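S.K.:
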Amino acid sequence: MDLVFHGGSGSLLSEIRESLDYGVVKMNIDTDTQYAFTRPVVDHMLKNYDGVLKIDGEVGNKKAYDPRAWGKAAEAGMAARITHACEDLRSTGTSSLK
Numbered sequence: 088m089d090l091v092f093h094g095g096s097g098s099l100l101s102e103i104r105e106s107l108d109y110g111v112v113k114m115n116i117d118t119d120t121q122y123a124f125t126r127p128v129v130d131h132m133l134k135n136y137d138g139v140l141k142i143d144g145e146v147g148n149k150k151a152y153d154p155r156a157w158g159k160a161a162e163a164g165m166a167a168r169i170t171h172a173c174e175d176l177r178s179t180g181t182s183s184l185k
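Written out as structure tokens, the structure reads:
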């Protein structure tokens with residue numbers, strides 16, 4: 088029987104590994120991936136606060152608020168979290184194709 092680990096975000100590695108021994112084949116980590124995506128965006132906005140904030144018609148710094156700037160960091164953060172999850176779940180280098 089294939090099992091799904093609902094609420095896997097924030098779980099300890101020991102809990103994840105134990106769940107694999109019980110037959111878990113999928114772990115939901117939506118909260119972790121949302122945070123991994125959002126954290127770099129927040130970091131960028133705080134570091135570039137004066138360039139991002141526009142007050143009373145000011146233009147600000149387009150390079151600071153351009154989504155292409157902070158979007159790449161967000162994607163990299165999520166990709167790193169997914170890679171980490173695959174390692175935790177012992178699925179790196181495997182395929183679900185049969």
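Each residue of the sequence shown is one higher than the one before, counting from 88 in our numbering. Glycine residues also receive a C-beta, built at the ideal position from the N, C-alpha and C atoms. Predicted model only: the values in this text are computed from it and were never measured.
#1: Put leucine 176 into one of helix, strand or coil per three-state DSSP.
#2: Let me check understanding here. Comparing Cα to Cα, which of Lys141, Gln121, Asp130 lies closest to arginine 168?
#3: Tell me, which residues are paired with lysine 113 by DSSP?
#4: Less than 8 Å separating the beta-carbons of methionine 165 and alanine 123?
#5: Give me, in chain order, the residues of the same chain whose beta-carbon lies closer than 7 Å to that of glycine 147; leave out the 5 immediate sequence neighbours on both sides.
#6: Taking 6 Å as the limit between beta carbons, can you name the residues of its chain near isoleucine 116, skipping five residues before and five after?
M.R.: For this structure:
#1: Against the sequence shown, residue 176 aligns to sequence position 89. The answer is coil: DSSP assigns leucine 176 none of H, G, I, E or B.
#2: As a first step, residue 168 must be located in the sequence shown, where it is residue number 81. Checked all of Lys141, Gln121, Asp130; the closest Cα to arginine 168 is Gln121.
#3: For the purposes of this step, residue 113 is taken as the residue at position 26 of the sequence shown. Looking at the DSSP assignment, lysine 113 forms a beta bridge with Val91.
#4: If you number the sequence shown from 1, residue 165 lands on position 78. If you number the sequence shown from 1, residue 123 lands on position 36. Yes; because the gap between Cβ atoms is below 8 Å, this pair is in contact.
#5: For the purposes of this step, residue 147 is taken as the residue at position 60 of the sequence shown. The residues Gly138, Val139, Leu140, Lys141, in chain order, have a CB closer than 7 Å to that of glycine 147 in the same chain once the five nearest residues on each side in sequence are set aside.
#6: The sequence position of residue 116 within the sequence shown is 29, counting from 1. Result list for isoleucine 116: Gly95, Ser96, Ala172, in chain order.
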